[in-house]
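Visitor: Please find one structure pasted underneath; my questions will follow.
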Amino acid sequence: MTTRFLVSCLLLPITMLATTLLQAQDTLYLLQPDRVFDGGQLHEGWQVLVRNGFIESAGTQVNAPANARVLRLKGCTLLPGLIEGHSHLFLHPYNEVPWDDQVLKESRAERTARAVTHARATLLAGFTTVRDLGTEGAEYDDAGLKTAIEKGVIPGPHMLVATRAIVATGSYGPKSASADVDYPKGAAEVGNAAELEKEIRTQIGKGADLIKIYADYRWGPNDEAKPTFTLAELTLAVEVTRSSGREVVVHAGSAEAMRLAIMAGVSTIEHGDQGTPEVFKLMKEKGVALCPTIAAGDAVSQYKGWVKGKQEEPERIQTKRKSFAAALAAGVTICMGGDVGVFPHGDNAREMEMMVAYGMKPIDVLRAATSVNADVFNIADKAGRIKVGLPADILVVEGDPASNISAIRKVKLVMKDGKIVGKG
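FYI, UniProt numbering numbers position 262 of the sequence shown as 262, with every residue one higher than the one before it.
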């Protein structure tokens, strides 16, 4: 008994010292905003405790250790870090340099340097995760960019990457005025089912988190958008991709390409500009989500000369308004993704503002940019909610974006994996 007592007495100080050292190494933040949007609902008077990169507690009653760093955020709303659903970090606005010239004339080094800048701007705007849907001619450099961010070499959001994306032979650009000249393309071309299957497997092997396919493009008469793949080919693409645990997302503007992609079982439709009530009803039935990219079409229309607010809306804008209203009426799951890169990175909030302008409630837009995107993109265990156990990807803004969506621009603090990476 005496020996055991002596051993216990000797071990007790060691155990206490080890516990004290561990506590000293903890990184603790107690965030005290006026309100918290948890990815679903708005809660007044909530606090959030972050320990070592994860959310440890959230609610009105939070027991914080004495050594927690208290951040009093009066007048502010705390949200999950936002999720950009459709970005192109290797592109910059087309009114700066046309898309063809970016693909053909900018070096890969320049495009990567730009992407590094774009990644930082995106993060500082409060978007802690992005789904980047194609490098547009920069090969697999998005996979390398993702790795550099994960290693801490450069600042940036968590990334889901599509690498090169896939198009049908003859459909995509850049295109030469001469049939004898074949320019490098902005995506990987495939001409048949065998090539499609091989390209999918290649892109997965090179680091793709998902596969993006252009289900239509402007290769019809008079440059009309027409389907580029058959139902059998799209179904094959989904089967092959899903065998690896990944999903297929499709670019589709025409109603017929949307229908084919929905029947094939894709995860999301990107754009959907010409969607009809019948197509959106089918989307709802099949559980396919829409990523509307309203801001991109708006930006391109202005680049082409439309003076917004002073001139009548062009047909493209009117069509988009009608199709988005039809999608909402059908109850389609709406993601938040702006096709940013067509317009400036860091201005991602433009899409959220336009979703409200086109008929969504601000709180539904907040859901789309957080929990809905997380669920649709299969990352709900990593992002999209203020929930105990999840990584602490957090945005704090001044004001209440659930009442005025533009408050999402008033960034006061950005936290990624529990580390403060930006302050307003």
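From the three backbone atoms N, C-alpha and C, an ideal C-beta is built for every residue, glycine too. All of these numbers come straight from a predicted model, not from anything done at the bench.
(1) From Arg246 to Lys423, what does the alpha carbon distance come to, in whole angstroms?
(2) Between the Cα of Asp417 and those of Ile405, Gly384, Asp400, spot the shortest distance and give me the residue it belongs to.
(3) Could you check which residue in Gly207, Arg72, Gln274, Met352 has the C-alpha nearest to that of Ala143?
(4) At which residues does the alpha helix (DSSP H) containing Thr112 begin and terminate?
(5) What number of angstroms, rounded off, separates the C-alpha of Ile294 from the C-alpha of Val300?
(6) Between the region 67 to 77 and the region 112 to 122, do three or more beta carbon pairs fall short of 8 Å?
(7) Check whether the Cβ atoms of Lys281 and Ala325 sit closer than 8 Å, and answer yes or no.
(8) Keeping to the same chain, check which residues put their C-beta closer than 7 Å to that of Pro33; ignore five residues upstream and five downstream.
(9) Work out the CA separation of Arg111 and Val238 for me, nearest whole Å.
(10) If contacts are defined as beta-carbon pairs under 8 Å, then Gly85 and Asn373 qualify, I think. What distance do you get, rounded to the angstrom?
(11) Pull up the DSSP beta-bridge partners for Leu260, would you.
(12) For the alpha helix (DSSP H) containing Ser57, name the first residue and the last one.
(13) Return the bridge partner residues of Leu28 from the DSSP annotation.
(14) Would you kindly work out how many angstroms separate the C-alpha atoms of Asp216 and His271, rounded to a whole number?
(15) Since residue 426 and Val266 should fall inside the 8 Å C-beta cutoff, what is the C-beta to C-beta distance between them, to a whole number of angstroms?
(16) What did DSSP end up calling Tyr358 once you bin it into helix, strand or coil?
(17) Closer than 8 Å is the cut-off here; do at least three beta carbon pairs connect the region 90 to 98 with the region 337 to 345?
(18) DSSP three-state label for Tyr303, please.
Guide: Quick look at the numbers:
(1) In a straight line, the C-alpha of Arg246 is about 35 Å away from that of Lys423.
(2) Residue Gly384 is the option with its Cα nearest to Asp417.
(3) Among Gly207, Arg72, Gln274, Met352, the Cα nearest to that of Ala143 belongs to Gly207.
(4) Where Thr112 is concerned, the enclosing alpha helix (DSSP H) stretches over 108 to 124.
(5) Separation of Ile294 and Val300 (C-alpha to C-alpha, rounded to the nearest whole angstrom) is 10 Å.
(6) The region 67 to 77 vs the region 112 to 122: no contact.
(7) In this structure, Ala325 does not lie closer than 8 Å to Lys281 by Cβ.
(8) Within the same chain, Leu73, Cys76, Thr77, Leu78, Val396 come within 7 Å of Pro33 by CB-CB distance, once the 5 residues on both sides are set aside.
(9) Their Cα atoms are separated by approximately 30 Å.
(10) Confirmed, Cβ separation roughly 5 Å.
(11) Within the DSSP secondary-structure output, Leu260 pairs in no beta bridge.
(12) Run containing Ser57: none in the alpha helix (DSSP H); it sits in the beta strand (DSSP E), 54 to 59.
(13) Answer by DSSP bridge pairing, in chain order: Arg51.
(14) The alpha-carbon atoms of Asp216 and His271 are separated by roughly 11 Å.
(15) This structure gives no information on residue 426, because the portion of the chain shown stretches from 1 to 424.
(16) Tyr358 falls in the coil class under three-state DSSP.
(17) The region 90 to 98 makes contact with the region 337 to 345: 3 or more CB pairs, one atom from each, lie closer than 8 Å.
(18) In this structure, Tyr303 counts as helix in the three-state DSSP scheme.
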